Amino acid sequence: MYTAPFDYRRAHDTQEVVTWLQEDPDNTKIIAGGHSLLPLMKLRLASVARLVDISQVAELQGIREDMGGLRIGAFTRHAQLAKDPAVREAAPLLASAAAVIGDMQVRNRGTIGGSLCHADPAADLPAALLALNAELVIAGPGTERRESLDAFFLAPFITTLAADEVLTAIVVPRMVPGAKSTYLKRPHPASGYPVIGVAAWVSVSGGRVEDCRIALTGIGPVPFRAARSEQVLTGRAFSREAIAEAAREAAGSGTLEDDEDGYKSQLCQVYVSRALGDIAQGAG
Amino acid sequence: MADVIGSALKRHEDIRLIRGKGQYTDDMKIPGMVYASMVRSPYAHARIVAVDTAEARRVPGVQAVFTGRDLKDEVGMVPTAWIPPDSDMKMTPHPALAYDFVRYAGDAVAVVIADTPYIAQDAADLVRVEYDAMPAVTNPRDAAKEGAPLVHEDIAGNVAFHWKAGVSVDEVFNKAEVVVRHEFRQQRLVPSAMEPRAAVAQWNAATDELTVWVTTQNPHIHRLLMSGMLGIPEHKLRVVAIDVGGAFGSKIACYPDEVVVSWAARKLNRPVKWTETRSENFTVTTHGRDHVEEVEVAGTKDGHIQAIRVKAYANLGAYLSTAAPGVPTILFGLIVNGAYAIPHASAEVFGMLTHTTPVDAYRGAGRPEATFLVERMVDLYSEAVGMDPLAVRKINLIPADAFPYTNPFTLQYDSGNYQGALAKALEMVDYQQFRKEQDNLRKQGKYVGIGFSTYVEMCGLGPSEVAGAVGFQGGLWESATVRVHPTGKVTVFTGASPHGQGEETTFAQIVAQELGLPPEDIEVVHGDTAKIAMGWGTYGSRTTVVGGAAIHMADQKVIEKARKIAAHKLEVGEDDVAFEQGLFSVKGLPARTVTFQEAALDAYLAWSLPKGMEPALEGTAFYNPENFTYPFGTHIAMVSVDPETGDIELMRYVAVDDVGIVINPMLVEGQIHGGLVQGIGQALYEGAEYDDQGQLLTGSFLDYAMPKARFFPKFETAHTVTPSPHNPLGVKGVGETGAIASTPAIVNAVMDALAPFGIHDLPMPLTPRKVWQAIAAKGGTH
Ligand SMILES: Cc1cc2nc3c(=O)[nH]c(=O)nc-3n(C[C@H](O)[C@H](O)[C@H](O)COP(=O)(O)OP(=O)(O)OC[C@H]3O[C@@H](n4cnc5c(N)ncnc54)[C@H](O)[C@@H]3O)c2cc1C
Numbered sequence: 000m001y002t003a004p005f006d007y008r009r010a011h012d013t014q015e016v017v018t019w020l021q022e023d024p025d026n027t028k029i030i031a032g033g034h035s036l037l038p039l040m041k042l043r044l045a046s047v048a049r050l051v052d053i054s055q056v057a058e059l060q061g062i063r064e065d066m067g068g069l070r071i072g073a074f075t076r077h078a079q080l081a082k083d084p085a086v087r088e089a090a091p092l093l094a095s096a097a098a099v100i101g102d103m104q105v106r107n108r109g110t111i112g113g114s115l116c117h118a119d120p121a122a123d124l125p126a127a128l129l130a131l132n133a134e135l136v137i138a139g140p141g142t143e144r145r146e147s148l149d150a151f152f153l154a155p156f157i158t159t160l161a162a163d164e165v166l167t168a169i170v171v172p173r174m175v176p177g178a179k180s181t182y183l184k185r186p187h188p189a190s191g192y193p194v195i196g197v198a199a200w201v202s203v204s205g206g207r208v209e210d211c212r213i214a215l216t217g218i219g220p221v222p223f224r225a226a227r228s229e230q231v232l233t234g235r236a237f238s239r240e241a242i243a244e245a246a247r248e249a250a251g252s253g254t255l256e257d258d259e260d261g262y263k264s265q266l267c268q269v270y271v272s273r274a275l276g277d278i279a280q281g282a283g
Numbered sequence: 000m001a002d003v004i005g006s007a008l009k010r011h012e013d014i015r016l017i018r019g020k021g022q023y024t025d026d027m028k029i030p031g032m033v034y035a036s037m038v039r040s041p042y043a044h045a046r047i048v049a050v051d052t053a054e055a056r057r058v059p060g061v062q063a064v065f066t067g068r069d070l071k072d073e074v075g076m077v078p079t080a081w082i083p084p085d086s087d088m089k090m091t092p093h094p095a096l097a098y099d100f101v102r103y104a105g106d107a108v109a110v111v112i113a114d115t116p117y118i119a120q121d122a123a124d125l126v127r128v129e130y131d132a133m134p135a136v137t138n139p140r141d142a143a144k145e146g147a148p149l150v151h152e153d154i155a156g157n158v159a160f161h162w163k164a165g166v167s168v169d170e171v172f173n174k175a176e177v178v179v180r181h182e183f184r185q186q187r188l189v190p191s192a193m194e195p196r197a198a199v200a201q202w203n204a205a206t207d208e209l210t211v212w213v214t215t216q217n218p219h220i221h222r223l224l225m226s227g228m229l230g231i232p233e234h235k236l237r238v239v240a241i242d243v244g245g246a247f248g249s250k251i252a253c254y255p256d257e258v259v260v261s262w263a264a265r266k267l268n269r270p271v272k273w274t275e276t277r278s279e280n281f282t283v284t285t286h287g288r289d290h291v292e293e294v295e296v297a298g299t300k301d302g303h304i305q306a307i308r309v310k311a312y313a314n315l316g317a318y319l320s321t322a323a324p325g326v327p328t329i330l331f332g333l334i335v336n337g338a339y340a341i342p343h344a345s346a347e348v349f350g351m352l353t354h355t356t357p358v359d360a361y362r363g364a365g366r367p368e369a370t371f372l373v374e375r376m377v378d379l380y381s382e383a384v385g386m387d388p389l390a391v392r393k394i395n396l397i398p399a400d401a402f403p404y405t406n407p408f409t410l411q412y413d414s415g416n417y418q419g420a421l422a423k424a425l426e427m428v429d430y431q432q433f434r435k436e437q438d439n440l441r442k443q444g445k446y447v448g449i450g451f452s453t454y455v456e457m458c459g460l461g462p463s464e465v466a467g468a469v470g471f472q473g474g475l476w477e478s479a480t481v482r483v484h485p486t487g488k489v490t491v492f493t494g495a496s497p498h499g500q501g502e503e504t505t506f507a508q509i510v511a512q513e514l515g516l517p518p519e520d521i522e523v524v525h526g527d528t529a530k531i532a533m534g535w536g537t538y539g540s541r542t543t544v545v546g547g548a549a550i551h552m553a554d555q556k557v558i559e560k561a562r563k564i565a566a567h568k569l570e571v572g573e574d575d576v577a578f579e580q581g582l583f584s585v586k587g588l589p590a591r592t593v594t595f596q597e598a599a600l601d602a603y604l605a606w607s608l609p610k611g612m613e614p615a616l617e618g619t620a621f622y623n624p625e626n627f628t629y630p631f632g633t634h635i636a637m638v639s640v641d642p643e644t645g646d647i648e649l650m651r652y653v654a655v656d657d658v659g660i661v662i663n664p665m666l667v668e669g670q671i672h673g674g675l676v677q678g679i680g681q682a683l684y685e686g687a688e689y690d691d692q693g694q695l696l697t698g699s700f701l702d703y704a705m706p707k708a709r710f711f712p713k714f715e716t717a718h719t720v721t722p723s724p725h726n727p728l729g730v731k732g733v734g735e736t737g738a739i740a741s742t743p744a745i746v747n748a749v750m751d752a753l754a755p756f757g758i759h760d761l762p763m764p765l766t767p768r769k770v771w772q773a774i775a776a777k778g779g780t781h
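Here the protein sequences line up with chains A and B, keeping their order.
Letter by letter, the first sequence follows residues 0 to 283 of numbering that gives the first Met the number 0.
Letter by letter, the second sequence follows residues 0 to 781 of numbering that gives the first Met the number 0.
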């Protein structure tokens, strides 16, 4: 299908984006990679009077070191995340999640900022970024605020972002040296989006789990951290028993959707167990 | 020169297709062309109260808005072209644009025609239709129930037809040692051709001629049907379909859309284009399958199947599409005994109307449904008598010396060696070893299974006399003209209408072999009623079987005439001239020769032709087959099931197919792979679903699981070759075997894996969730 008619503008700096959003916040939308927004517009589920293209805004691009972590411009494409040496070195979990989004065309267009702001409950990156304790840098009219990703997602497709705000960057702390990580995805046979995606990292010291983070996506109305599983693991020997116990706690750490038959709880358990098992094997 | 038949030539058509130079309908651009967009009902069942087009008309760039009332008296009903005999079939009046009732979500009520497709769609959204919504029914069984909402007011019980075949088998069942009953659901499938449908129509006011470029598998059938609907005589109507991007049955039907566009092109005297969106393709292009089947098998305790009885409710949707009634009757009911020597069989089918998208042929059309139920029943019967399903197959397969074999419905299977194909498959799979490993793995809590499908199907539709007898409103012969040019180059005109299968290559191979020419000297022309005298199109694996045979016949006429010319030139009798590899020579005097090209030139110069001979060199043949052809084979699937998630992994897939003589092994391989993916897709992934209101819940590729290449292992294929005795090329047809054989092989394998849980059947598609639920219901893993 074709989109309804719309007006198109290309912004050159963040200020311009904010100004244009402010003019008519309810009917203006940022377009980044367009891979979530355009399908909605073509199905005429989203009606947008004006699109503001952010692809030429230099401030929103690039990946650089920032206080021991990475500052990733919101307009960074999935393909860049997957192959960027700094990302692969400081936050390999993010690179592996980016590498399994959609297909090559999608990864070459879609952006990290678009994925977060769209807040599809089945998006891949939120799990990795939750597990990495990412923080968002958000610009609004005359302001800039920082927000932990933990607080960002409110409901499916709804975030704390106001209609006249722009996500400018994502700050990702460097992973603990020696930590092992994995992103385990169960793609939906039709859409390819995760039915469940588990992002996890574990750092082991002296045979015990020193620290770990586990986050799930696709399985509930919003992505969530498996905090109870993390608690089970922390301080314990990284054993088969500990993993099994942690996996059992995954479903209870968040809200699941469509779980009347217990299948989604089962997937939580199986996928958390398998993800941790992969890490344990890798950690050898 | 090596044999051209049997060699894996690369596809001639790909040179243009992979370079983006194909000539698809949507590629047509005509000066002054305007674009159509349909206004479709969001309701599955409603009375149309009023249609207000005023606002849409006011949009700048809109040329016209037409509603059902505008067409009502000028365009005939969209016809149904298959009337199963003795079935009391009721026609389902199908206006090109609805004007009183809409009967499925997607039924078109108006069309907007505008300068650009974008304006057309924007304006279509502004057409205000007032509907009085009514209750809908979507399931074929529910539709038969007392008090179910009627799809067509005057068709009682929503039964469009009631068809029966075979004789009563009650007595056999009453006396049988073992009776196994089961009910299957053939879920609804969305054919999903890569190219959606499209139509471009151009009216020539000077000659009163209409040209329609349209995505069709059968341009001449389209011409015939559209001529009737539009009142434009056939000689003033040209239908063109050069490149068509896949169809799988969904482009057989004549649809309202192309009729509307054609009518509008004449009305407005401007070329009009309509291109379907993918969303429309899901909701208005015909779907496939959708049966509920009650099946019973009677047999002895020691594994001899004596009778099969089938009662099916076929969901045909809101209107009877062009070929729809033939699919669940003739193409299904007459072959429910499959490849087995089951002496007694009967079939009964209720053609049910529901408030859903019309259902028509989908790859295999009827035969996958028949094959599925008999192959599944063989496994369920084996279980009931405590025998190995392979052993039961061996007992019941029709023996090789029984051909031609007359089945209980009087179909005559032409030739076969079913044991031979099975033996070949068992060379590729060590069955006993698999069973041993299966036992060991079960002890470790791992579940693997093996499934067979020893199938037969009927192809090469078909003898025209039979077409008439079974109610198909057309002939099923095929035409071919082999036109030799003065230089000896050849243009072949075929009435078959390949749309992705590759017969431009296969047909060139036939001619190259028979006339002894290089394949690049041969061009195959299809899909244009102005160029091809007549033809019945491409479906039912008939293209090479019937269309190829017609070319062979035409070749013989060319050779016969060229031989006379050569004999004349060589000054010998015709009988003394041999023809081999493009060279005429005097028998016993190999030095005295005339090339085929020289003979062609002589034919055209006509300076010295045998007395009484007409100039030029071309052969035209109309080939009416003697019988259907019956490809067969053995497919074996090996799966493992993960009880934790319900995931099914296809470990190996072995397909041994006997499709008769193979003309191009690469194309045959491609057809088998494509068919397998669609058949396995039905078993494991695909399924269209409606809610109670008749809304399609699986209306996009976000929800409808079209299988991806990565879901499959490398297919292991092999052949046995049993030529069809009545086909001059010995071919049997390969377009549908994969889709027909594979679905039950997969389900049999999964059920074999799940046997330790006491699970015997699950409805398709076998999604992981369903499998997991079934295991959980049986108490989970042990
Ligand atoms: C075929 C297909 C398959 C896909 N498969 C997957 C998959 O497997 N996993 C997955 O996670 N995703 C998948 N996606 C989605 C893909 O990753 C999208 O690209 C991504 O979700 C959105 O990024 P975008 O840059 O395209 O955003 P856009 O579509 O341009 O924008 C999305 C939304 O975010 C807003 N927005 C964008 N950037 C900003 C910003 N900087 N500040 C404020 N608001 C902003 C827009 O206004 C819009 O509302 C798939 C998409 C397609 C088409």
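Every residue, glycine too, gets a C-beta built ideally from N, C-alpha and C.
None of these values were measured; they are calculated from a predicted model.
The C-beta distance from A:Leu115 to A:Leu124 rounds to 7 Å, short enough to meet the 8 Å contact threshold. Those residues that bring their Cβ nearer than 5 Å to a heavy atom of ligand 1 are A:Lys28, A:Ile29, A:Ile30, A:Ala31, A:Gly32, A:Gly33, A:His34, A:Ser35, A:Leu36, A:Ala73, A:Ile100, A:Gly101, A:Val105, A:Gly109, A:Thr110, A:Gly112, A:Gly113, A:Ser114, A:Cys116, A:His117, A:Ala122, A:Asp123, A:Val165, A:Leu166, A:Gly191, A:Tyr192. Counting of Cβ neighbours within 10 angstroms places B:Ile220 among the buried residues, the total reaching 16 or more. For B:Asp601, the CB contacts under 6 Å within the same chain, skipping 5 residues up- and downstream, are Ile564 in chain order. Ranked by Cα distance from B:Phe408, the options B:His343, B:Ala599, B:Tyr417, B:Phe160 are led by B:His343. In the three-state DSSP reduction, B:Lys445 falls in the coil class, being neither helix nor strand. B:Phe371 places its beta carbon 8 Å or farther from that of B:Gln670. Residue pairing for A:Lys28: DSSP places it in a beta bridge opposite A:Leu50. Its Cα nearest to that of B:Lys423, the residue B:Val655 stands out among B:Val655, B:Glu293, B:Thr356.
The C-alpha of B:Ile647 is placed about 15 Å away from the C-alpha of B:Asp760. Annotation for B:Gly75: no beta strand (DSSP E) segment contains it, and DSSP assigns it neither H nor E. About 11 Å separates the Cβ atoms of B:Val108 and B:Val259, ruling out a contact at the 8 Å cut-off.
Each residue's CA atom was taken as its position, placing B:Tyr42 and B:Leu460 some 37 Å apart.
Secondary structure at A:Asp149: helix, using DSSP grouped into helix, strand and coil. Using beta-carbon distances, B:Ala704 counts as an interface residue toward chain A, with a partner under 8 Å.
Within 9 Å of the CB of A:Pro155, no CB atom of chain B is found; the nearest one sits about 14 Å away.
According to the DSSP assignment, B:Trp262 belongs to the alpha helix (DSSP H) that extends over 255-267. Only Arg768, Trp771, Gln772 from the region 763-775 of chain B bring a Cβ to less than 7 Å from some Cβ of chain A. Taking 8 Å as the Cβ-Cβ cut-off, the region 107-125 of chain B approaches chain A at Pro116, Tyr117, Gln120, Asp121, Asp124, given in chain order. When 7 Å is used as the limit between beta carbons, B:Ser639 is near no residue of chain A, the shortest such separation being about 16 Å. Pairing B:Thr328 with B:Leu319, the inter-Cα distance amounts to about 13 Å.
With distances taken between CA atoms, B:Thr480 lies nearest to B:Gly618 out of B:Met665, B:Gly470, B:Gly618. The shortest C-alpha to C-alpha distance from A:Ile71 to any of A:Leu59, A:Ala78, A:Lys82, A:Ala81 is the one to A:Leu59. Among the CB atoms of chain B, one or more fall inside 8 Å of the CB of A:Asp260. From the listed residues B:Met88, B:Ala123, B:Asp13, B:Arg392, the smallest Cα separation to B:Gln418 is found for B:Arg392. Residue contact with chain A for B:Phe711: absent (no Cβ-Cβ distance below 8 Å to any residue of chain A). Counting of Cβ neighbours within 10 angstroms places B:His234 among the exposed residues, the total staying below 16. If you look at B:Ile112, you'll find it isn't in any alpha helix (DSSP H); it sits in the beta strand (DSSP E) that goes 107-113. B:Tyr446 has a beta carbon lying at 8 Å or more from every beta carbon in chain A.
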